[in-house]
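Engineer: Numbering (the numbering used here), first residue to last: 19 to 441. Every residue gets a Cβ at the ideal spot worked out from N, C-alpha and C, and that includes glycine. Given the structure is predicted, the values throughout are model-derived calculations rather than measurements. Structure provided below as structure tokens; questions to follow.
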RNA sequence: GGAGAGAUGGCAGAGUGGUCGAAUGCACUGGUCUUGAAAACCAGCGUACCGAGAGGUACCGGGGGUUCGAAUCCCUCUCUCUCCGCCA
């Protein structure tokens with residue numbers, strides 16, 4: 019959520035920035051400024067009456083104590099009137115506050131200056147590319163065939179137990195999953211991230227904190243009996259560790275990591291990219307979350323990008339890094355880099371990581387602050403990224419490293435799997 | 001599932017109608033003392049909004065009510081804890 023103070027200070031910057039997303043915010047900003055002005059005027063008026071009422075109440079108390087009951091009672095006339103006024107004003111104030119809040123929720127984050135205007139993924143900029151795209155032998159297969167040939171993943175079994183999009187990993191497939199989780203967590207820990215094992219269900223307050231609610235309400239699995247939501251990413255519970263906190267600036271950057279399964283309803287995306295591991299209702303992901311002060315957040319974003327690149331290098335996968343254009347970046351993001359690995363048999367790029375700086379967009383909702391050098395509280399910048407989403411990494415590993423003799427496991431990962439080839 | 005207790009500042013914990021944004025202790029920050037440290041002593045120490053400032057307003061889990069006046073009384077919701085039962 020954008021800060022109203024910022025909209026007051028630089029409405030034009032915000033309107034122009036949002037144009038890069040293809041969003042025309044001029045009407046909303048205009049309405050917000052008007053409502054905000056009214057709100058503050060009414061608040062001021064109400065506070066004046068409250069001050070008067072407080073003073074009178076004090077006076078009445080003193081008068082009663084000194085036995086001047088008649089005088090005290092005469093003052094009560096005025097307080098009665100004030101009371102009604104205050105009630106009316108406060109109702110008006112609440113209405114305006116609600117309107118303002120509702121409007122604020124509709125505005126996405128303002129893109130960073132480096133973000134290009136654009137409509138969708140076709141307008142994203144490739145900023146780097148690494149690794150060689152393998153030339154596969156003639157009988158090379160897509161990962162869903164490999165998964166079944168080598169008995170690694172049983173999609174039909176998942177359908178029986180739960181439904182489409184809930185694969186069952188078996189034997190070497192299951193072990194590979196477990197190995198990747200440990201590999202990623204160890205690498206992240208080695209880079210200074212504190213490891214967490216957070217809850218997989220969160221309450222509504224947490225959903226609002228990171229912006230899943232109300233923006234993406236229908237994307238989360240919901241347990242209405244208990245008022246809980248299955249997390250769509252570890253970002254939600256891990257970032258909410260810091261909700262309503264004033265963190266110590268000396269601890270910056272605060273770096274956290276955690277593995278969780280992720281649950282997504284993927285409503286409205288049936289039939290699109292659902293083959294194999296490309297899009298699932300439940301998948302495993304290791305997430306990194308960082309918190310720092312505004313002056314260092316973009317350097318930290320670069321550091322996170324470099325860290326993720328290092329992971330893909332160790333997995334010996336070809337990848338490219340994209341800077342998302344305004345229209346393709348998420349609602350809450352100021353700047354997002356996507357990592358895509360090349361899946362050689364499908365002959366397409368698969369998104370395996372998305373790294374974003376949210377600036378104060380999340381922390382404003384989270385009330386996540388630090389104290390600056392003057393002792394004033396300021397909103398932190400929050401960032402996060404996948405390091406790494408497992409299914410598509412697995413898909414690329416299987417496809418790219420297949421040989422006529424079996425599927426080779428990259429050296430870094432083989433230390434975790436205990437085997438270096440799947441036959 | 002049954003029974004009970006509770007929700008107050010970073011933490012612990014007082015406060016049952018006015019002078020309470022709130023005692024006290026711990027923690028934290030600054031200072032005195034000390035070769036240094038500890039101890040002791042002194043001072044400071046919640047958040048948000050409005051205001052140039054003085055200052056004002058709100059907040060004692062959320063919402064509503066009683067009252068001139070509510071942390072304190074009433075209603076209601078939520079959450080937490082303890083004991084019993086069941087159970088990984």
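State the beta-bridge partners of residue 375 as determined by DSSP.
Structural biologist: Answer is 353 and 401.
Engineer: Taking residue 197 as part of the beta strand (DSSP E), name the residues at either end of that continuous run.
Structural biologist: Counting along the chain, residue 197 falls outside any beta strand (DSSP E), though it belongs to the alpha helix (DSSP H) covering 189-208.
Engineer: Please name the residue, chosen from 202, 350 and 176, that lies closest to residue 124 on a Cα-to-Cα basis.
Structural biologist: For the residues 202, 350 and 176, the minimum Cα distance to residue 124 belongs to 350.
Engineer: With 16 as the cutoff for other CB atoms within 10 Å, does residue 145 come out buried or exposed?
Structural biologist: It is exposed - the Cβ of residue 145 has fewer than 16 other Cβ atoms within 10 Å.
Engineer: Since residue 339 is in the beta strand (DSSP E), which residue starts that stretch and which ends it?
Structural biologist: Note, residue 339: beta strand (DSSP E), 337-341.
Engineer: Let's test the definition: count the other Cβ atoms within 10 Å of the Cβ of residue 377 and tell me whether it reaches 16, buried, or not, exposed.
Structural biologist: Counting Cβ neighbours within 10 Å, residue 377 comes out buried, since at least 16 surround it.
Engineer: Out of 164, 264 and 55, point me to the one whose CA is closest to residue 389's CA.
Structural biologist: Closest option to residue 389, Cα to Cα, is 264.
Engineer: Just list the beta strand (DSSP E) runs in the region 101-157, keeping only unbroken ones of 3 residues or longer that don't cross its boundaries, in chain order.
Structural biologist: Runs of the beta strand (DSSP E) inside the region 101-157: 143-148.
Engineer: Are the beta-carbon atoms of residue 251 and residue 371 separated by less than 9 Å?
Structural biologist: For residue 251 and residue 371, no; Cβs fall outside 9 Å.
Engineer: Considering only heavy atoms of the ligand NAP, does any lie closer than 8 Å to the CB of residue 413?
Structural biologist: What this structure holds is no ligand at all, so the ligand NAP is not there to describe.
Engineer: Return helix, strand or coil for residue 361, following the three-state DSSP convention.
Structural biologist: The answer is strand: DSSP assigns residue 361 an E or B state.
Engineer: According to the Cβ coordinates, are residue 226 and residue 239 closer than 9 Å?
Structural biologist: Not in contact: residue 226 and residue 239 (Cβ atoms no closer than 9 Å).
Engineer: Can you give me the C-alpha to C-alpha distance between residue 276 and residue 203, rounded to a whole angstrom?
Structural biologist: Distance between the alpha carbons of residue 276 and residue 203 is about 7 Å.
Engineer: Please return the same chain residues whose Cβ sits closer than 6 Å to the Cβ of residue 362, not counting the five positions on each side in sequence.
Structural biologist: Around residue 362: 152, 154, 417 and 418.
Engineer: Since residue 259 is in the beta strand (DSSP E), which residue starts that stretch and which ends it?
Structural biologist: Looking at the DSSP string, residue 259 is not in any beta strand (DSSP E), and its letter there is neither H nor E.
Engineer: Which residue wins for smallest C-alpha separation from residue 70, given the options 179, 54, 112 and 96?
Structural biologist: Selected option, being the one with the closest Cα: 96.
Engineer: Along the beta strand (DSSP E) that carries residue 279, what are the first and last residues, could you check?
Structural biologist: That run of the beta strand (DSSP E) goes 272-281.
Engineer: Could you tell me how far apart the beta carbons of residue 170 and residue 189 are, in whole angstroms, since I believe they sit closer than 8 Å?
Structural biologist: About 7 Å; that satisfies the 8 Å criterion.
Engineer: Rounded to whole angstroms, how far is the Cβ of residue 319 from the Cβ of residue 373, which I believe are closer than 8 Å?
Structural biologist: That pair is a contact at about 7 Å.
Engineer: Out of 410, 415 and 346, which one is the CA nearest neighbour of residue 135?
Structural biologist: It is 346.
Engineer: Taking 9 Å as the threshold (C-beta atoms), are residue 382 and residue 20 in contact?
Structural biologist: Contact: yes.
Engineer: Apart from the five residues on each side of it in sequence, which residues of its chain come closer than 7 Å, Cβ to Cβ, to residue 228?
Structural biologist: Closer than 7 Å at the Cβ level, and outside the excluded window around residue 228, lie 253, 254, 257, 258 and 380.
Engineer: In the DSSP output, what is residue 213 paired with across the bridge?
Structural biologist: 275, per the DSSP bridge assignment.
Engineer: Does the separation of the CB atoms of residue 185 and residue 111 fall below 9 Å?
Structural biologist: Not closer than 9 Å, so no.
Engineer: According to DSSP, is residue 219 helix, strand or coil?
Structural biologist: Three-state result, residue 219: strand.
Engineer: For residue 353 versus residue 132, is the C-beta distance shorter than 9 Å?
Structural biologist: Cβ distance < 9 Å, so residue 353 and residue 132 count as in contact.
Engineer: Since residue 13 and residue 434 should fall inside the 8 Å C-beta cutoff, what is the C-beta to C-beta distance between them, to a whole number of angstroms?
Structural biologist: No statement about residue 13 is possible, as the shown extent of the chain runs from 19 to 441 and does not include it.
Engineer: Can you check whether the CB of residue 118 is closer than 9 Å to the CB of residue 13?
Structural biologist: Lying before the first or after the last residue shown, residue 13 is absent from the chain, which here runs from 19 to 441.
Engineer: Do residue 326 and residue 273 have their beta-carbon atoms positioned less than 9 Å apart in this structure?
Structural biologist: No, Cβ-Cβ distance for residue 273 and residue 326 is not below 9 Å.
Engineer: Specify the secondary structure class of residue 31 as computed by DSSP and reduced to three states.
Structural biologist: It is helical.
Engineer: Have a look at residue 22 and residue 207 and give me their C-alpha separation to the nearest angstrom.
Structural biologist: If you take the alpha carbons of residue 22 and residue 207, they lie about 37 Å apart.
Engineer: Under three-state DSSP, which class holds residue 469?
Structural biologist: The question about residue 469 has no answer, for the chain in this structure spans 19 to 441.
Engineer: Around the Cβ of residue 270, are there at least 16 other Cβ atoms within 10 angstroms (buried) or fewer (exposed)?
Structural biologist: Label assigned to residue 270: buried.
Engineer: What's the call for residue 224, buried or exposed, on a 16-neighbour Cβ count within 10 Å?
Structural biologist: Result: buried.
Engineer: Are there 16 or more other CB atoms within 10 angstroms of the CB of residue 436, so buried, or fewer, so exposed?
Structural biologist: With fewer than 16 other Cβ atoms within 10 Å, it is exposed.
Engineer: Keeping to the same chain, check which residues put their C-beta closer than 6 Å to that of residue 261; ignore five residues upstream and five downstream.
Structural biologist: Here the set comprises 227 and 384.
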